[in-house]
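Student: Protein sequences appear in the order of chains L and R. Under our numbering, residues 2 to 78 are what the first sequence spells out, in order. Under our numbering, residues 2 to 78 are what the second sequence spells out, in order. Idealized CB from N, CA, C, for every residue including glycine. All values reported here derive from a predicted model rather than from experimental measurement. Here it is, the structure in full.
There are 2 protein chains.
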Amino acid sequence: MTKPVFYHAGCPVCVSAEHDIVNLLGSSNVEVVHIGEDRSRIDEAEKVGVKSVPALLTTNGNVLHINFGASLADVRG
Amino acid sequence: MTKPVFYHAGCPVCVSAEHDIVNLLGSSNVEVVHIGEDRSRIDEAEKVGVKSVPALLTTNGNVLHINFGASLADVRG
Numbered sequence: 002m003t004k005p006v007f008y009h010a011g012c013p014v015c016v017s018a019e020h021d022i023v024n025l026l027g028s029s030n031v032e033v034v035h036i037g038e039d040r041s042r043i044d045e046a047e048k049v050g051v052k053s054v055p056a057l058l059t060t061n062g063n064v065l066h067i068n069f070g071a072s073l074a075d076v077r078g
Numbered sequence: 002m003t004k005p006v007f008y009h010a011g012c013p014v015c016v017s018a019e020h021d022i023v024n025l026l027g028s029s030n031v032e033v034v035h036i037g038e039d040r041s042r043i044d045e046a047e048k049v050g051v052k053s054v055p056a057l058l059t060t061n062g063n064v065l066h067i068n069f070g071a072s073l074a075d076v077r078g
């Protein structure tokens, strides 16, 4: 993995955290994935350890769960 | 505020998140505050909106609660 991945689902908590993370890291230094829209990546998020969104997967494989927007089960619906 | 502030209390979850945040931002771009040791800053953390540690205060005043190590009440003891 070349850069961190920010997983979110478009919720208000997610959008706010997305702005903060993009401001902190720079938009070219993080991949932003909306798993509410790109549902094919929900399984990927679960596999890497995302329990809730928003979450940031670091390049060393750690998941930072940031605040709390929705559980992955909620996103899956 | 010139740079983000990372508040933590030395717990395992805190230490892990601290490494990730320092790796992401660079050690010179974040102030790390151990409120378990520097207890005079617990009130400051509460005032800016920190509910639990580890947490990152961004330069625009938002607090990102990262995973969950301990509540501020736990740190206060």
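Name, in chain order, the residues that DSSP records as bridge partners for residue 67 of chain L.
Tutor: R:67
Student: Residue 38 of chain L by DSSP, collapsed to three states: which one?
Tutor: coil
Student: Closer than 8 angstroms, CB to CB, is residue 3 of chain R near chain L or not?
Tutor: no
Student: Within its chain, find whatever has a CB closer than 8 angstroms to the CB of residue 3 of chain L; leave out the 5 residues flanking it on each side and keep chain order.
Tutor: 60
Student: For residue 14 of chain L, name the three-state secondary structure that DSSP assigns.
Tutor: helix
Student: Under 8 angstroms between the Cβ atoms of residue 65 of chain L and residue 73 of chain L?
Tutor: With a cutoff of 8 angstroms on beta-carbon distance, residue 65 of chain L and residue 73 of chain L are scored as not near each other.
Student: Which of the three DSSP states is assigned to residue 49 of chain R in this structure?
Tutor: helix
Student: Helix, strand or coil, according to DSSP, for residue 76 of chain R in the structure here?
Tutor: helix
Student: Look at the alpha carbon of residue 32 of chain R and the alpha carbon of residue 19 of chain R, and state the distance between them as a whole number of angstroms.
Tutor: About 11 angstroms.
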